[in-house]
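A.B. asks: One structure, as structure tokens, below. Some questions next.
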Ligand code: 6GU
């Protein structure tokens with residue numbers, strides 16, 4: 194996969210992309226990430242990339258010409274998603290990350306908070322994404338978040354391949370607690386079951402812990418999570434009163450009896 198990032202602050206990406214999973218994925222040739230300074234495509238002698246808004250008001254607006262020039266020069270004839278990171282975008286989710294990970298190439302444009310000329314949105318950008326309901330000074334930290342979430346899904350990016358499958362949100366649930374040695378620390382013991390060696394019982398306990406944690410912290414996720422009939426009954430007993438996605442349900446590990454006509458579809462980008 195190739196990712197091109199267009200920004201006025203290329204230095205913001207140096208640290209995050211030089212460490213951990215993203216660094217290793219680049220070294221393994223799973224992804225090549227290219228950072229482009231939009232300023233390099235400004236044509237005037239002061240290399241101006243923003244200007245005051247038509248109609249007045251505060252703040253500055255990113256000019257369209259350098260952004261179009263940069264993206265068109267780098268992308269050539271390739272068509273790929275051109276994503277603007279902006280607080281006005283659609284919420285970025287795990288499903289969104291999975292969808293993006295399927296593309297051979299992505300272009301990310303980091304908008305500054307005050308705004309980007311609307312013609313960039315209308316005629317260059319294919320998707321607009323936000324990473325949450327809060328305000329960042331620019332799209333750069335959001336682009337780092339999106340790249341991290343996408344790159345770790347590329348086959349071979351994680352040391353432990355099942356991690357991405359078992360992750361919080363990949364199952365539609367939050368993960369339960371994790372423990373490592375020592376078995377007792379300051380008098381606080383690791384749950385006995387985890388030391389028992391009963392793999393099936395451990396798996397069942399972990400699933401229950403994930404359900405419980407999701408119920409306590411993010412009950413909204415239970416409405417969309419794939420759950421067995423038994424799990425739904427158990428969640429009701431634990432006090433969950435919200436809805437479930439399709440009241441039919443299937444046993445986990447078994448073939449669904451039928452495909453519900455209204456099963457949730459992955460977010461189309
Ligand atoms: Cl993508 N950009 C900015 N400026 N602020 C944000 C955001 C993006 N997502 C959440 N807040």
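Residue numbers (my numbering): 194 to 462.
Backbone N, C-alpha and C fix where the C-beta goes; we use that ideal spot for every residue, glycine too.
Run the CB neighbour count on residue 233, radius 10 Å, all protein chains shown included, and call it buried at 16 or more, exposed below.
C.D. replies: Residue 233 is classed as exposed because its beta carbon has fewer than 16 other beta carbons within 10 Å across all chains shown.
A.B. asks: Are the stretch 410-422 and the stretch 383-399 touching, with three or more C-beta to C-beta distances below 8 Å?
C.D. replies: no
A.B. asks: Going along the chain, which residues of its own chain have a beta-carbon closer than 6 Å to the beta-carbon of residue 277, five neighbours each way excluded?
C.D. replies: 302, 304, 318, 321
A.B. asks: If you count every other CB in all the chains shown that lies within 10 Å of the CB of residue 397, and 16 or more means buried, which is it?
C.D. replies: It counts as exposed.
A.B. asks: Nearest CA to the CA of residue 325: which residue from 313, 312, 262, 339?
C.D. replies: 339
A.B. asks: Tell me residue 228's beta-bridge partners as DSSP assigns them.
C.D. replies: 198
A.B. asks: Can we count residue 280 as close to the ligand 6GU, meaning its CB is less than 8 Å from some heavy atom?
C.D. replies: yes
A.B. asks: Evaluate residue 455 with the Cβ neighbour count: other Cβ atoms within 10 Å of its Cβ, from every protein chain shown; 16 or more gives buried, anything less gives exposed.
C.D. replies: In this prediction, residue 455 has a pLDDT of 44, which is less than 50 and means its spatial position is unreliable; what the coordinates show is noted afterwards. Looking at its Cβ environment, which holds fewer than 16 other Cβ atoms inside 10 Å, residue 455 is exposed.
A.B. asks: Mind the definition here: the stretch 223-231 touches the stretch 362-370 only if three or more C-beta pairs lie below 8 Å; say whether that holds.
C.D. replies: no
A.B. asks: Note the first and the last residue of the continuous beta strand (DSSP E) segment covering residue 301.
C.D. replies: Residue 301: member of the beta strand (DSSP E) spanning 298-303, first to last residue.
A.B. asks: Less than 8 Å between C-beta atoms, sequence neighbours within five positions excluded: which residues of the same chain meet that for residue 341?
C.D. replies: Exclusion of the five residues before and after residue 341 leaves 209, 214, 215 as the residues of its chain whose Cβ lies within less than 8 Å of its Cβ.
A.B. asks: Leaving out five residues on either side along the sequence, give the residues of the same chain with a beta carbon under 6 Å from the beta carbon of residue 198.
C.D. replies: 228, 301, 336
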